[in-house]
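Asker:
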Amino acid sequence: MESIYGFTLEMLEDYFVNIGEKKFKATQVYEWLYKKRITSWDEMTNVKKDTLNQMKKDFTLDSISIIAKNVGDDVVKYLFELADSSKVEAVLMKHDYGNSLCVSTEVGCNMGCTFCESGRMKKVRNLKTNEMVLQILQIEKDLKIRISHVVLMGIGEPFDNYDNVIPFISIINSGKGIDIGARHITISTCGIIPKIREFISDGRQVNLAISLHASNDALRSKLMPINKAYPLKDLIKILKEYIEVTGRRVTFEYVLLHEVNDSYENATELAKLLQGMNCYVNLIPYNETSHIEYKKSSQERILAFYDTLKKNKINVTIRREFGAKLMAACGQLRSSYEEGC
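All residue numbers for the sequence shown refer to the numbering used here, where the first residue is 5 and numbers rise by one.
This is the structure:
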């Protein structure tokens, strides 16, 4: 049986037509799942018994388990256990504009970025669509809040799991589903160019963020092996195409590593690389971990990097730090739990 939380509204409409029902039944079921948040089939009081019995044979009303929860100032980090005992994380961040959830898309990650904790523990499998949806449902239930923003920036590379990520976006964006606005959903990729091209063709209005973290190919290839397959010249070219076709702005994520990628020269080179693009740079203070030797840039170097970009007319922000004391780096809570440290 398949999880009903993995079905988009359109998929569910097709299901009902195929079993001889009217497709509006899908909207009724979505109302129970995502508005009333039922946990039992029998709570669907306006769905006839024969239809419910058929759904019970074809679908599961599954859930995922919270096995660890770390709470800090304006941040809550969750560790979930899935049906096969795999473990993934999600991080809830409270902003003045709403509650933002960073979700995981894979169990582990094969991108091998040298500064990333989740990259230490290799990819086991893709997350299924329902396992991403359930991260949102479980946290909303646990904290009794509404999540207003979602970023696909947790464990895993979303474009390495494209076929499950796109239905996930459909479900959470649907007005009949979780109903999170497209402009409040951000998908982050390290730069898998064929999937960026597919994403352009798909025409979704969600935000695109690029994990950049370096201003030249030599440094980026050292930090991020993906750059050897898709170098900066080709990445920037496809992103300019994305901007032209969609009219959307691109976000560049840039983790600042002490005396690695945070010099004046790096900032000047980055400004030159991005000159004229409809973009902005999100500077991210590094969350240090016990397993990786990189250190967080000093406040002085962070501000100098910021100032250099501003002087070169690059839109730039410094991301507010969340949860440095509660293992907030992607994959850190999972690796601590599994390695017993």
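Don't be surprised by glycine CBs; every beta carbon is placed ideally from N, CA and C.
Note down the Cα distance separating Arg41 from Arg305, rounded to an integer number of angstroms.
Answerer: C-alpha separation (whole angstroms): 47 Å.
Asker: How long is the line joining the alpha carbons of Ile288 and Thr64, rounded to whole angstroms?
Answerer: About 40 Å.
Asker: In terms of residues, what are the limits of the alpha helix (DSSP H) holding Lys53?
Answerer: Looking at the DSSP string, the run of the alpha helix (DSSP H) that includes Lys53 is Lys53 to Asp62.
Asker: Which value, in whole angstroms, describes the spacing of the CA atoms of Leu96 and Arg323?
Answerer: The straight-line gap from Cα to Cα measures roughly 15 Å.
Asker: Could you check what DSSP says for Val33 in three-state terms: helix, strand or coil?
Answerer: Val33: helix per DSSP, three-state reduction.
Asker: The alpha helix (DSSP H) that contains Thr12, what's its start and end?
Answerer: No alpha helix (DSSP H) holds Thr12; DSSP gives it neither H nor E.
Asker: Can you tell me the Cα-Cα spacing of Ile180 and Thr12, whole angstroms?
Answerer: A small correction: the amino acid at residue 180 is Lys; Ile does not occupy that position in the sequence shown. Taking the straight line from one Cα to the other gives about 10 Å.
Asker: Determine the contact status of Met281 and Val259, defining contact as a CB-CB distance below 8 Å.
Answerer: It is not a contact, given that the beta carbons lie outside the stated cut-off.
Asker: Take every Cβ of the region 130 to 146, pair it with every Cβ of the region 63 to 81, and state whether three or more of those distances are shorter than 8 Å.
Answerer: Touching, per the Cβ criterion.
Asker: In this structure, what does DSSP give as the bridge partners for Met97?
Answerer: According to DSSP, which records beta bridges pairwise, Met97 is partnered with Val79 and Ser104.
Asker: Considering Cα atoms alone, identify which of Glu245, Ser122, Glu257 and Asp18 is closest to Ile296.
Answerer: Nearest option by C-alpha distance: Ser122.
Asker: Suppose you measure from the CA of Tyr341 to the CA of Leu131; what does that come to, to the nearest Å?
Answerer: The predicted model places Tyr341 with a pLDDT of 43, which falls under 50 and marks its position as unreliable, so this point remains unresolved.
Asker: Given this structure, state the Cα-to-Cα distance separating Lys53 from Leu37, to the nearest angstrom.
Answerer: Going by the C-alpha atoms only, they are around 17 Å apart.
Asker: Thinking Ile176 and Ile182 are a contact (beta carbons under 8 Å), I'd like their distance in whole angstroms, please.
Answerer: Between Ile182 and Ile176 the Cβ distance is about 4 Å, and since that is below 8 Å, they are a contact.
Asker: So, is Val249 buried or exposed, given that buried needs 16 or more other C-beta atoms within 10 angstroms?
Answerer: By the 10 Å Cβ count, Val249 comes out exposed.
Asker: Start and end of the alpha helix (DSSP H) containing Tyr246?
Answerer: Element bounds for Tyr246: Leu236 to Thr250.
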